[in-house]
Amino acid sequence: MYSSLVRLQNTFGFFTTVAFVVAAIIAASDLLAPRAPVVNTLEANNVQVATGRPHYYSNKKEEYASIRFTLDADLSSLFTWNTKQLFVYVTAEWPAAGSENATNQAVIWDTIITSPSADHLMNVGPATMKKLRKSAEGKSIDPSRGKISLKNQRPKYQITHPSGKLAEIDDVVLKLHYNVQPWVGALTWNQENLDVGLWKRLKGGVSEKFAFPAIKKKKEGGEKAKV
Amino acid sequence: MFSNVQPRQAAAQLLNFGLILSTAFMMWKGLSVITDSPSPIVVVLSGSMEPAFQRGDLLFLTNRNILQETDVGEIVVYNVKDKDIPIVHRIVRKFGSGAGAKFLTKGDNNVADDTELFPPGKAFLDRTDMIGSVVGYIPFVGYVTIMLSEHPWLKTVMLAIMGLVVVLQRE
Amino acid sequence: MAEHILDQIRDVAEGQIDFEGQRLAELTVNLALSIVGAIAFFVGYFLQDIKLTVFVALGGTALTFLVVVPPWPFFNRNPVKWLPVGGGIPPQNLIMGDKAIR
Chain G
1 MYSSLVRLQN TFGFFTTVAF VVAAIIAASD LLAPRAPVVN TLEANNVQVA
51 TGRPHYYSNK KEEYASIRFT LDADLSSLFT WNTKQLFVYV TAEWPAAGSE
101 NATNQAVIWD TIITSPSADH LMNVGPATMK KLRKSAEGKS IDPSRGKISL
151 KNQRPKYQIT HPSGKLAEID DVVLKLHYNV QPWVGALTWN QENLDVGLWK
201 RLKGGVSEKF AFPAIKKKKE GGEKAKV
Chain P
1 MFSNVQPRQA AAQLLNFGLI LSTAFMMWKG LSVITDSPSP IVVVLSGSME
51 PAFQRGDLLF LTNRNILQET DVGEIVVYNV KDKDIPIVHR IVRKFGSGAG
101 AKFLTKGDNN VADDTELFPP GKAFLDRTDM IGSVVGYIPF VGYVTIMLSE
151 HPWLKTVMLA IMGLVVVLQR E
Chain F
1 MAEHILDQIR DVAEGQIDFE GQRLAELTVN LALSIVGAIA FFVGYFLQDI
51 KLTVFVALGG TALTFLVVVP PWPFFNRNPV KWLPVGGGIP PQNLIMGDKA
101 IR
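Chains as they are written, first to last, in the UniProt record's numbering: chain G, 1 to 227; chain P, 1 to 171; chain F, 1 to 102.
This is how it looks when you write it as C-alpha cells:
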C-alpha cells in the first residue's frame, strides 16, 4: 500500500470482492420472498385448423391450428426488488405419436412484463414507453402488473407440426408457464408440482382437454374482404 | 532499468504468471466438465433477447439434464453450421421427447422465429446443436470483452498505460 | 539529467506514504468497502429498490477511492526516523579479531 498505484489496485481488488459478495446475497434474498402464483381461469375458446402457409417463409402448405383462449392469472407475488422481468407464456401440449411419455409443445402466446426498474429496456415506441413509465411512477416495484386478464385472446403464434398434420387430434391442453428473470442470480421457472421453501407451485395453470377439429373449409370471398 | 533485475526474481515472476494462467485455464475446463458444456460461460453479443439480456451480460450455462429434459421456455445457446457465433434464444416449440426431439427457437425481441437462421433444409434444431441452457445471470460484467473486440485501439491504449506504469514504477 | 527528471516524476506518480499510513489505508479500504456493501444491500432490500443498491455501492466506492488513493497528509504523519549517515555512537561490545575470543 506504499504507492498510489498499489492502493488503486488493492482498492479495486477488494471492491470486486465486495461487489460479488453483495450480488450473491441479493441473488440469495430471492429465496426469502414468498411466491404464490395462481391461475384462476385458463381455457381454450375457439380452436380452428386450416391448411395454408402459416409463415411467409413456409415452402409447403401444411395444417396449422389457431387457438383463442381466456386467461385470468395473478402472478404479482413474483415481483421483488431483484425481478428484472417476467416472461409469461401459454403453450399447447398434446401427446406425440409413438412413445408414451413424449409430447409436443408449442407456445401460442407470450408476453414480457418488466419491473419498473427495467422499463427503459423495453423495445417499444416512445408513446408506449411514456405510458409504461407513467403506470409505475414513483414505484420501485409494481406487483399489480402481474395480474393478467384476457378474454377470448387471439393467439400470437399459429401451431404447426413437422409432419404437416394437426387436424383431429385429441387430448390437447393449454398450460401457463412463467420465467422470472432476475437482475442478478438464477433464472427460475414455474414449479409444476413441487413446493420449494417459500415458493409455492403454480396453482391451476392447466386447461381442460380439448381436441383439434377437422380442417375448416376456406371461407368465401365475402368474409375475406372484410379482413 | 532492467539491468538490476535478478535472474532468480525474473524466473519467479515468470512462474507466478504461468500459475495464474494455468489456474484460470483449469477452472474454465473444470467448469466445462461439471456442466458438460464446451463453453459454460458466455457473453451476450446481440440484443435479440432484450429486455432479459443486454449486450455484455454474462450467462452461466449447463448442458446436463439432471432433473428434466430441455423444455419449451428455456433459453438455450446453440451453434449452427457455417456460423461461428453461438446464438442465445428461447425454445418456443418442441416436438417429441428424448434424443429425437425437434426444437424451434426465437429471440424474445425478434418478431419471427429462428427458421431463417438455420441452414437451408434444416427446419428444426436437435438437442445436439445446443451447447447449454441458461441457468444463471450477472449483468454487464462481460462488457469489457465487447469493448476490446469492437474498438481495437483500446488495446493499444491499455498497453500504453501498462508501459507508463512500468516506467514510473521503482523497485 | 533525464534520469533526474524521471525520478521527480516518479516521486509525484508514486504518492508514497509512511508505514503507519499504509496500515491506516489498508484498514480504511477494508472497513469502508465492507460497510458500503452492507449499507447498499440493506437500503435496497428494505426499500425494495435495486437501483438504490447500485447507486449507494458505486458512490461509496468512489468516495473510498478518493480517500485512500492520493497520498493525503494524514497518511504521512509518522515519517521513518533514519539513523544519521556514518555518525552515531559506535556499537559497544563489538570487538573484531582475535581479541573477541576469550
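Positions of the beta carbon are idealized from the N, C-alpha and C atoms, including for glycine.
If the cut is a Cβ gap below 8 Å, which residues of chain G does D126(P) touch? Position 126 of the second sequence, counted from the start, is the residue given in the question as residue 126(P). Correct list: empty, because the minimum Cβ distance to chain G is about 12 Å.
Where Y157(G) and I67(G) are concerned, what is the direct C-alpha to C-alpha distance, given to the nearest angstrom? In the first sequence, the residue the question calls residue 157(G) occupies position 157. In the first sequence, the residue the question calls residue 67(G) occupies position 67. In a straight line, the C-alpha of Y157(G) is about 9 Å away from that of I67(G).
Residue 104(F) versus G136(P): straight-line alpha-carbon distance, rounded: Here chain F has residues from 1 to 102 only, and residue 104(F) is not among them.
Looking at the structure shown, is S115(G) part of a helix, part of a strand, or coil, going by DSSP? Taking the first residue of the first sequence as position 1, residue 115(G) is located at position 115. Residue state, collapsed to three classes: coil.
Could you give the residue range of the alpha helix (DSSP H) that holds V166(P)? As a first step, residue 166(P) is located in the second sequence; it is residue number 166 there, counting from the start. Where V166(P) is concerned, the enclosing alpha helix (DSSP H) stretches over 153–168.
Anything in chain P within Cβ reach of W183(G), meaning under 9 Å, just list it in chain order. Residue mapping note: residue 183(G) aligns to position 183 of the first sequence, counting from 1. Under the 9 Å cutoff, chain P gives Y137, P139.
6 Å Cβ shell around T38(G) - same chain, five flanking residues per side excluded: Here residue 38(G) corresponds to residue number 38 of the first sequence, with the count starting at 1. According to the sequence as given, residue 38(G) is Val; it is not Thr. Excluding residues within five positions, the ones whose Cβ falls inside 6 Å are D74, K203.
For P51(P), would you say it is in contact with chain G, using Cβ-to-Cβ distances shorter than 8 Å as the test? As a working note, residue 51(P) is residue 51 in the second sequence. Yes, P51(P) lies at the interface with chain G (some Cβ there is under 8 Å from its Cβ).
Anything in the stretch 115–137 of chain G with a Cβ closer than 7 Å to a Cβ of chain P? List those residues in chain order, please. Answer in chain order: A118, L121, M122, N123.
Quick one: does A57(F) have its CB under 8 Å from some CB of chain P? Residue 57(F) sits at position 57 when you count from the first residue of the third sequence. Taking CB atoms only, A57(F) has no neighbour in chain P less than 8 Å away.
Identify each residue in the stretch 88–103 of chain G for which the Cβ-Cβ distance to at least one residue of chain P is less than 7 Å, and report them in chain order. Of all residues in the stretch 88–103 of chain G, Y89, T91, A96, S99, N101, A102, T103 have a Cβ within less than 7 Å of some Cβ in chain P.
Does Q6(P) pass the burial test, meaning 16 or more other C-beta atoms within 10 Å, or should it be called exposed? In the second sequence, the residue the question calls residue 6(P) occupies position 6. Counting the other Cβ atoms within 10 Å of the Cβ of Q6(P) gives fewer than 16, which makes it exposed.
Return the CA-CA distance between K61(G) and N79(P), expressed in angstroms with no decimal places. What you label residue 61(G) is simply residue 61 of the first sequence in a count that begins at 1. What you label residue 79(P) is simply residue 79 of the second sequence in a count that begins at 1. Distance from the CA of K61(G) to the CA of N79(P), rounded to the nearest whole angstrom, comes to 29 Å.
On the DSSP bridge list, what partners appear for L86(G)? Sequence index remark: in the first sequence, residue 86(G) carries index 86 (1-based). Answer is I113(G), V180(G).
For L15(F), which option in W82(F), P71(F), F75(F), G86(F) has the closest C-alpha, if you only look at C-alpha atoms? One-based indexing of the third sequence puts residue 15(F) at position 15. A small fix is needed here, since residue 15(F) is Gly in this sequence, not Leu. Comparing alpha carbon positions, the residue from W82(F), P71(F), F75(F), G86(F) closest to G15(F) is P71(F).
Use the C-beta contact count for residue 230(G): other C-beta atoms within 10 angstroms, 16 or more gives buried, fewer gives exposed. Residue 230(G) lies beyond the residue range present for chain G, which begins at 1 and ends at 227; the question has no answer from this structure.
List, in order along the chain, the chain G residues whose C-beta lies closer than 7 Å to that of E118(P)? On the second sequence, residue 118(P) is found 118 positions in, with the first residue counted as 1. Checking the displayed sequence, the identity of residue 118(P) turns out to be Phe instead of Glu. For F118(P), no chain G residue has a Cβ inside 7 Å of its Cβ, as the nearest lies near 11 Å away.
Would you mind reading off the limits of the beta strand (DSSP E) that contains H89(P)? Translated into positions along the second sequence, residue 89(P) becomes position 89. Looking at the DSSP string, the run of the beta strand (DSSP E) that includes H89(P) is 87–95.
What residue range is occupied by the uninterrupted alpha helix (DSSP H) comprising A2(F)? For the purposes of this step, residue 2(F) is taken as residue 2 along the third sequence, with counting starting at 1. Unbroken alpha helix (DSSP H) run through A2(F): 2–14.
Helix, strand or coil at L187(G) [DSSP, three-state]: On the first sequence, residue 187(G) is found 187 positions in, with the first residue counted as 1. In the three-state reduction of the DSSP assignment, L187(G) falls in the coil class, being assigned neither a helical nor a strand state.
Within 7 Å of chain B by C-beta, residues of the stretch 43–75 of chain P in sequence order: The structure shown has no chain B; the protein chains it does contain are G, P and F.
Which ranges does the alpha helix (DSSP H) cover as unbroken runs of at least 4 residues, wholly within the stretch 32–71 of chain P, from first to last along the chain? Runs found: none.
Ignore the nearest five residues each way along the sequence and tell me which others in T53(F)'s own chain have a CB closer than 7 Å to its CB. Along the third sequence, one-based indexing puts residue 53(F) at 53. Here the set comprises A40, F41, V43, G44.
Based on Cα-Cα distance, which residue from Q9(P), P51(P), D129(P), T23(P) lies nearest to V180(G)? Taking the first sequence and counting its residues from 1, the one referred to as residue 180(G) is at position 180. Closest by alpha carbon: P51(P).
Own chain residues within Cβ distance below 7 Å of A92(G), not counting five before or after: Walking along the first sequence from the start, residue 92(G) turns up at place 92. I67, A106, I108, I159, V172, L174.
Helix, strand or coil at W94(G) [DSSP, three-state]: The residue you call residue 94(G) lines up with position 94 of the first sequence. Three-state result, W94(G): strand.
Which listed residue (A96(G), L31(G), R145(G)) has its alpha carbon closest to that of D119(G): Start at 1 with the first residue of the first sequence, and residue 119(G) comes out as number 119. Minimum Cα-Cα distance from D119(G) among the listed residues A96(G), L31(G), R145(G) corresponds to R145(G).
Helix or strand or just coil, what does DSSP make of F118(P)? Counting from 1 along the second sequence, the entry for residue 118(P) is found at position 118. Reduced to three states, the DSSP call for F118(P) is coil.
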